[in-house]
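Working notes, structure below.
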Amino acid sequence: MAKGIFVTATDTEIGKTFISGAIAAALKGRGKNTGVVKPVASGGVATADGKLLSEDATFLMLAAGIAEERRQEVNPVCLAPALTPAVAAVESGVAIDVDQLITACRTMITKSDLTLVEGVGGITAPIWQDYLVADMILELQLPAIIVTRPNLGTINHTVLTVQYARQRGIKLGGIIINHWDAEHASVLERSNLAYIERLTALPVLGKFPSVPSIGSEPADMARLAELAEKHLAIDQLISLMEGEAQL
Ligand SMILES: Nc1ncnc2c1ncn2[C@@H]1O[C@H](COP(=O)(O)OP(=O)(O)O)[C@@H](O)[C@H]1O
Ligand SMILES: [Mg+2]
121 MAKGIFVTAT DTEIGKTFIS GAIAAALKGR GKNTGVVKPV ASGGVATADG
171 KLLSEDATFL MLAAGIAEER RQEVNPVCLA PALTPAVAAV ESGVAIDVDQ
221 LITACRTMIT KSDLTLVEGV GGITAPIWQD YLVADMILEL QLPAIIVTRP
271 NLGTINHTVL TVQYARQRGI KLGGIIINHW DAEHASVLER SNLAYIERLT
321 ALPVLGKFPS VPSIGSEPAD MARLAELAEK HLAIDQLISL MEGEAQL
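Going by my numbering, the letters in the sequence shown line up with residues 121 to 367, in that order.
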């Protein structure tokens, strides 16, 4: 049984963290004990006392209402180089223990009502040697959602990601389009949306707007939850996470 979803995207910097945070904030707002995991992060930021912190984990914890003391559970491995983890690890002289990452995800899933696991980069990003994000999704047996862009080039990236996921046997729950500007969406964005729906035959579970001024105050997270309730299909996402959705 699922009890969670894996959040991947068509590329890095598409909005996996932001959208995962928005979903987590909405779930928390509904009173769910919400788990978040960033099993491995790269591009970690060093603190004054020399600790490496993942900003993704920070945002996810804030959105889910998880205290700083639990950072290790949320993000067991954080690497400094802003490279794919498999390479960032080698550059840092460390070996990634994939089993440790899987255990961290499973522990969070067990402890929480619903859990969001954020990947790195896109679906074929190497985590360790030839173990890719797709391998992790399969091992966790979670349904995946794909965050994608609304603008030029997105049909190609989205269709290729969906095709690869299906070829690997990954269950896909749907697509979330990030940075959607409903008011100014032109023929470009509207036709991208229509083609993505038609060519992938997946549901679009939300079109999320750009929200420029989200900070780290509780009020910001409340606003994020409100926006998620408005722009994302939270009920459908919950049934997906509970393993009840038809995939
Ligand atoms: N809907 C949005 N509104 C405003 N800023 C966003 C939105 N989505 C993403 N961002 C910002 O864009 C950048 C990349 O998003 P992020 O979620 O970190 O991508 P990923 O996790 O896929 O690498 C971050 O600085 C993030 O805060
Ligand atoms: Mg991220």
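Beta carbons: idealized from backbone N, C-alpha and C, even for Gly.
Look at valine 197 here: in three-state DSSP terms it is strand. Nearest to alanine 302 by alpha-carbon distance, out of Pro329, Tyr284 and Ala285, is Pro329. Distances between the C-beta of isoleucine 134 and the heavy atoms of ligand 1 include at least one below 7 Å. Checking the 7 Å criterion, the Cβ of asparagine 298 is within range of a heavy atom belonging to ligand 1. Taking 7 Å as the cut-off, one finds at least one heavy atom of ligand 2 near enough to the beta carbon of aspartate 176. At least one heavy atom of ligand 1 falls within 7 Å of the beta-carbon of serine 330. In the same chain as leucine 258, and ignoring 5 residues on each side of it, the C-beta atoms closer than 7 Å to its own belong to Arg288, Gly289 and Ile290, in chain order. DSSP, read as helix, strand or coil, puts glycine 149 in helix. Scanning its chain for C-beta atoms nearer than 6 Å, with the 5 sequence neighbours on each side dropped, one finds around histidine 277 the residues Thr130, in chain order. In this structure, the straight-line span from the alpha carbon of glutamine 283 to that of threonine 244 is close to 12 Å. Across the structure, arginine 343 and alanine 254 are spaced so that their CA atoms are roughly 32 Å apart. Ranked by Cα distance from leucine 203, the first of Thr235, Gly241, His351 and Leu260 is Gly241.
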